[in-house]
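Per our numbering: the sequence shown = residues 1 to 167.
First comes the structure, then the notes that go with it.
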Amino acid sequence: MEVDQSWVALLQTRLQGQGYEHRVINASITGETTEGGAARIAQALDAFTPSLIILELGGNDGLRGIPPDRMKVNLQTIIQSSKSAGAAIVLLGIRIPPNYGSRYIEDFDNVYRELAIELDVPWIEFFMEGIALNDELMQADGIHPNAAAQPLLLDNAWSVISKALTN
1 MEVDQSWVAL
11 LQTRLQGQGY
21 EHRVINASIT
31 GETTEGGAAR
41 IAQALDAFTP
51 SLIILELGGN
61 DGLRGIPPDR
71 MKVNLQTIIQ
81 SSKSAGAAIV
91 LLGIRIPPNY
101 GSRYIEDFDN
111 VYRELAIELD
121 VPWIEFFMEG
131 IALNDELMQA
141 DGIHPNAAAQ
151 PLLLDNAWSV
161 ISKALTN
(Lines of atoms letter the chains of each structure in order from A and count residues from 1; the text may use other names and numbers.)
(Lines give C-alpha, C1' and ligand atoms only; values in the text may rest on other atoms or scores of the structure.)
Protein backbone atom coordinates (compact mmCIF):
# COMPACT_ATOMS: atom_id res chain seq x y z
CA MET A 1 0.00 0.00 0.00
CA GLU A 2 1.30 3.45 -0.88
CA VAL A 3 1.80 5.99 1.92
CA ASP A 4 -0.59 8.45 0.27
CA GLN A 5 -3.35 5.82 0.56
CA SER A 6 -3.04 5.56 4.36
CA TRP A 7 -5.72 6.87 6.67
CA VAL A 8 -3.15 9.32 8.03
CA ALA A 9 -2.62 10.84 4.57
CA LEU A 10 -6.39 10.90 4.10
CA LEU A 11 -6.68 12.72 7.42
CA GLN A 12 -4.42 15.49 6.13
CA THR A 13 -6.58 15.80 3.01
CA ARG A 14 -9.78 15.93 5.08
CA LEU A 15 -8.37 18.55 7.43
CA GLN A 16 -7.33 20.77 4.53
CA GLY A 17 -10.69 20.27 2.83
CA GLN A 18 -12.50 21.39 5.97
CA GLY A 19 -10.34 24.44 6.48
CA TYR A 20 -8.11 23.22 9.30
CA GLU A 21 -4.55 24.48 9.17
CA HIS A 22 -3.10 21.50 11.03
CA ARG A 23 -0.22 19.55 9.55
CA VAL A 24 -0.34 15.81 10.11
CA ILE A 25 2.94 14.14 10.99
CA ASN A 26 3.01 10.37 11.08
CA ALA A 27 5.67 9.55 13.67
CA SER A 28 4.82 5.86 13.73
CA ILE A 29 7.24 3.05 13.00
CA THR A 30 6.05 -0.19 11.44
CA GLY A 31 6.03 -2.95 14.03
CA GLU A 32 6.29 -0.48 16.93
CA THR A 33 5.28 -1.56 20.42
CA THR A 34 4.10 0.68 23.24
CA GLU A 35 7.56 0.34 24.78
CA GLY A 36 9.13 1.85 21.67
CA GLY A 37 6.52 4.59 21.61
CA ALA A 38 7.15 5.43 25.26
CA ALA A 39 10.90 5.55 24.61
CA ARG A 40 10.44 7.92 21.64
CA ILE A 41 7.67 10.23 22.87
CA ALA A 42 9.89 12.90 24.46
CA GLN A 43 11.93 13.26 21.29
CA ALA A 44 8.80 13.46 19.14
CA LEU A 45 7.22 16.08 21.40
CA ASP A 46 10.40 18.18 21.23
CA ALA A 47 10.73 17.81 17.47
CA PHE A 48 7.12 18.53 16.51
CA THR A 49 5.37 20.33 19.44
CA PRO A 50 2.01 18.83 18.46
CA SER A 51 -1.34 20.22 19.48
CA LEU A 52 -2.93 16.77 19.14
CA ILE A 53 -1.53 13.24 19.45
CA ILE A 54 -3.52 10.45 17.86
CA LEU A 55 -2.32 7.40 19.78
CA GLU A 56 -2.82 4.09 18.02
CA LEU A 57 -0.43 1.63 19.61
CA GLY A 58 -0.77 -1.75 21.28
CA GLY A 59 -1.58 -4.16 18.48
CA ASN A 60 2.01 -5.34 18.20
CA ASP A 61 2.18 -5.69 21.99
CA GLY A 62 -0.80 -8.02 21.82
CA LEU A 63 0.58 -10.05 18.95
CA ARG A 64 3.82 -10.52 20.92
CA GLY A 65 1.98 -11.45 24.11
CA ILE A 66 3.36 -8.49 26.09
CA PRO A 67 1.60 -8.30 29.45
CA PRO A 68 -1.29 -5.82 29.34
CA ASP A 69 -0.10 -4.17 32.58
CA ARG A 70 3.21 -3.34 30.92
CA MET A 71 1.40 -2.04 27.84
CA LYS A 72 -0.78 0.13 30.07
CA VAL A 73 2.25 1.69 31.81
CA ASN A 74 3.81 2.48 28.42
CA LEU A 75 0.63 4.07 27.05
CA GLN A 76 0.19 5.98 30.31
CA THR A 77 3.73 7.36 29.90
CA ILE A 78 2.93 8.52 26.36
CA ILE A 79 -0.36 10.12 27.40
CA GLN A 80 1.01 11.88 30.46
CA SER A 81 4.10 13.13 28.60
CA SER A 82 1.91 14.45 25.81
CA LYS A 83 -0.48 16.20 28.17
CA SER A 84 2.45 17.73 30.07
CA ALA A 85 3.72 19.11 26.76
CA GLY A 86 0.33 20.72 26.12
CA ALA A 87 -0.92 18.25 23.50
CA ALA A 88 -4.44 16.90 23.47
CA ILE A 89 -4.75 13.12 23.11
CA VAL A 90 -7.06 10.81 21.19
CA LEU A 91 -6.71 7.09 21.98
CA LEU A 92 -7.60 4.55 19.31
CA GLY A 93 -8.30 1.16 20.84
CA ILE A 94 -7.16 -2.05 19.19
CA ARG A 95 -8.29 -5.63 19.63
CA ILE A 96 -6.36 -8.81 19.09
CA PRO A 97 -7.36 -12.16 17.55
CA PRO A 98 -9.32 -14.61 19.71
CA ASN A 99 -6.58 -17.25 19.81
CA TYR A 100 -4.81 -15.42 22.67
CA GLY A 101 -7.34 -16.67 25.20
CA SER A 102 -10.24 -14.92 26.86
CA ARG A 103 -8.37 -13.69 29.95
CA TYR A 104 -5.55 -12.07 27.97
CA ILE A 105 -7.99 -10.55 25.50
CA GLU A 106 -10.15 -9.11 28.29
CA ASP A 107 -7.12 -7.67 30.10
CA PHE A 108 -5.81 -6.26 26.81
CA ASP A 109 -9.14 -4.63 25.89
CA ASN A 110 -9.48 -3.15 29.38
CA VAL A 111 -6.20 -1.23 29.04
CA TYR A 112 -7.75 1.28 26.63
CA ARG A 113 -10.96 1.69 28.62
CA GLU A 114 -9.10 2.13 31.91
CA LEU A 115 -6.66 4.68 30.49
CA ALA A 116 -9.46 6.67 28.87
CA ILE A 117 -11.31 6.87 32.18
CA GLU A 118 -8.31 7.30 34.50
CA LEU A 119 -6.58 9.94 32.37
CA ASP A 120 -9.71 11.57 30.91
CA VAL A 121 -8.81 10.85 27.30
CA PRO A 122 -11.32 10.60 24.43
CA TRP A 123 -11.10 7.20 22.82
CA ILE A 124 -12.54 4.76 20.36
CA GLU A 125 -13.06 1.27 21.68
CA PHE A 126 -12.09 -0.47 18.44
CA PHE A 127 -10.43 1.53 15.69
CA MET A 128 -10.88 -1.29 13.15
CA GLU A 129 -14.62 -1.74 13.75
CA GLY A 130 -16.30 -3.05 10.59
CA ILE A 131 -12.92 -3.76 9.00
CA ALA A 132 -11.02 -6.42 10.95
CA LEU A 133 -13.37 -9.30 10.15
CA ASN A 134 -13.94 -8.34 6.52
CA ASP A 135 -11.46 -10.26 4.32
CA GLU A 136 -12.00 -7.76 1.47
CA LEU A 137 -10.61 -4.98 3.68
CA MET A 138 -7.61 -6.84 5.04
CA GLN A 139 -4.18 -7.59 3.62
CA ALA A 140 -3.19 -11.21 3.02
CA ASP A 141 -1.73 -11.45 6.54
CA GLY A 142 -5.24 -11.03 7.99
CA ILE A 143 -3.92 -8.48 10.50
CA HIS A 144 -3.35 -5.25 8.60
CA PRO A 145 -6.05 -3.31 6.74
CA ASN A 146 -5.58 -2.79 3.00
CA ALA A 147 -5.91 0.38 0.93
CA ALA A 148 -9.68 -0.03 0.57
CA ALA A 149 -10.03 0.03 4.38
CA GLN A 150 -8.16 3.29 4.90
CA PRO A 151 -11.10 5.69 4.32
CA LEU A 152 -13.15 3.58 6.75
CA LEU A 153 -10.41 3.78 9.39
CA LEU A 154 -10.44 7.55 9.04
CA ASP A 155 -14.22 7.61 9.35
CA ASN A 156 -13.97 5.44 12.50
CA ALA A 157 -11.54 7.88 14.11
CA TRP A 158 -12.95 11.14 12.77
CA SER A 159 -15.57 11.75 15.46
CA VAL A 160 -13.03 11.87 18.30
CA ILE A 161 -10.38 13.63 16.22
CA SER A 162 -12.73 16.39 15.09
CA LYS A 163 -14.00 16.93 18.66
CA ALA A 164 -10.43 17.14 19.94
CA LEU A 165 -9.59 19.73 17.29
CA THR A 166 -12.51 21.97 18.25
CA ASN A 167 -11.90 21.81 22.02
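Beta carbons: idealized from backbone N, C-alpha and C, even for Gly.
Computed from a predicted model, the values in this text were never measured in an experiment.
Coarse secondary structure for I54, derived from DSSP in three states: Here the question's residue 54 lines up with position 54 in the sequence shown. I54: strand per DSSP, three-state reduction.
Simplified DSSP assignment, three categories, for V24: In the sequence shown, counting from the first residue as 1, residue 24 sits at position 24. In the structure shown, V24 sits in coil (DSSP, three-state: anything other than H, G, I, E or B).
Secondary structure of A88, DSSP reduced to three states: In the sequence shown, the residue the question calls residue 88 occupies position 88. In the structure shown, A88 sits in a strand (DSSP, three-state: E or B).
Where D109 falls, given that 16 or more other Cβ within 10 Å makes a residue buried: Taking the first residue of the sequence shown as 1, we reach residue 109 at position 109. It is buried - the Cβ of D109 has at least 16 other Cβ atoms within 10 Å.
Which residues DSSP lists as bridging P145, in chain order: To locate residue 145, count along the sequence shown from 1; it is residue 145. According to DSSP, which records beta bridges pairwise, P145 is partnered with M138.
With 16 other Cβ atoms within 10 Å as the buried cut-off, status of Q16: Counted from its first residue, the sequence shown places residue 16 at position 16. Answer is exposed; the Cβ neighbour count stays below 16.
Beta carbon of V121 nearer than 8 Å to that of M71: Numbered from 1 along the sequence shown, position 121 holds the residue referred to as residue 121. Numbered from 1 along the sequence shown, position 71 holds the residue referred to as residue 71. No, the pair does not count as a contact, with Cβ atoms beyond the cut-off.
Sub-8 Å separation of I131 and L165 beta-carbons: Here residue 131 corresponds to residue number 131 of the sequence shown, with the count starting at 1. Here residue 165 corresponds to residue number 165 of the sequence shown, with the count starting at 1. No, Cβ-Cβ distance for I131 and L165 is not below 8 Å.
Local Cβ density within 10 Å of Q150, reported as buried at 16 or more and exposed below that: As a position in the sequence shown, residue 150 is number 150, starting the count at 1. Buried, since its Cβ has 16 or more Cβ neighbours within 10 Å.
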